[in-house]
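J.:
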Amino acid sequence: MKYAFSTLGVPGLPVPDVLRLATAHGYHGVELRAHPEEPVHPGLGLVERADVAAEFKAAGVEILGIAGYARVAAPGDDGPVLDDMRSLVSLARDLGAPFVRVFPG
674 MKYAFSTLGV PGLPVPDVLR LATAHGYHGV ELRAHPEEPV HPGLGLVERA DVAAEFKAAG
734 VEILGIAGYA RVAAPGDDGP VLDDMRSLVS LARDLGAPFV RVFPG
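Structure, rendered in structure tokens:
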């Protein structure tokens with residue numbers, strides 16, 4: 674059985690510390706909270722994204738998903754929600770994460 678955790682439980686923890694935590698306790702994967710206050714977020718540039726992906730690969734820990742904050746069923750204009758979704762999907766693609774978590778509203 675493989676184990677994983679989310680960085681929701683370790684807010685603001687730098688990526689190297691997340692990886693130390695994962696490897697020290699035998700975790701195989703991590704869901705990354707993607708928020709502007711976190712080390713990994715949609716505002717990261719391509720070089721930073723590549724660095725994060727490389728750190729995870731070197732540690733043998735999979736990025737299982739990106740925990741985003743797009744509110745897909747919120748009232749109002751869909752434009753900003755679609756922009757949020759595109760930025761989260763782009764981040765997930767660049768990090769090699771197969772999933773993006775969103776909120777209903």
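Residue numbers (our numbering): 674 to 778.
Note that beta-carbon positions come from the ideal geometry of N, C-alpha and C, so glycine has one too.
Could you check whether the stretch 762 to 769 touches the stretch 712 to 726, counting it as contact only if at least three pairs of C-beta atoms, one from each stretch, sit closer than 8 Å?
T.: Enough Cβ pairs lie closer than 8 Å, so yes.
J.: Would you decide whether A740 is buried or exposed? Buried here means 16 or more other CB atoms lie within 10 Å of its CB.
T.: The count along the sequence shown starts at 1 and reaches residue 740 at position 67. When all chains shown are included, A740 counts as buried.
J.: What's the gap between the Cα of E735 and the Cα of V745?
T.: Within the sequence shown, the letter at position 62 stands for residue 735. Within the sequence shown, the letter at position 72 stands for residue 745. If I take the Cα positions, the gap works out to 26 Å.
J.: Is there contact between the stretch 752 to 762 and the stretch 720 to 737, where contact requires at least three CB pairs shorter than 8 Å?
T.: No, the stretch 752 to 762 is not in contact with the stretch 720 to 737.
J.: Assuming the contact rule is C-beta atoms closer than 8 Å, A677 and G699 should be a hit. Round their C-beta distance to whole Å, please.
T.: The count along the sequence shown starts at 1 and reaches residue 677 at position 4. The count along the sequence shown starts at 1 and reaches residue 699 at position 26. So it is not a contact: roughly 11 Å between Cβ atoms.
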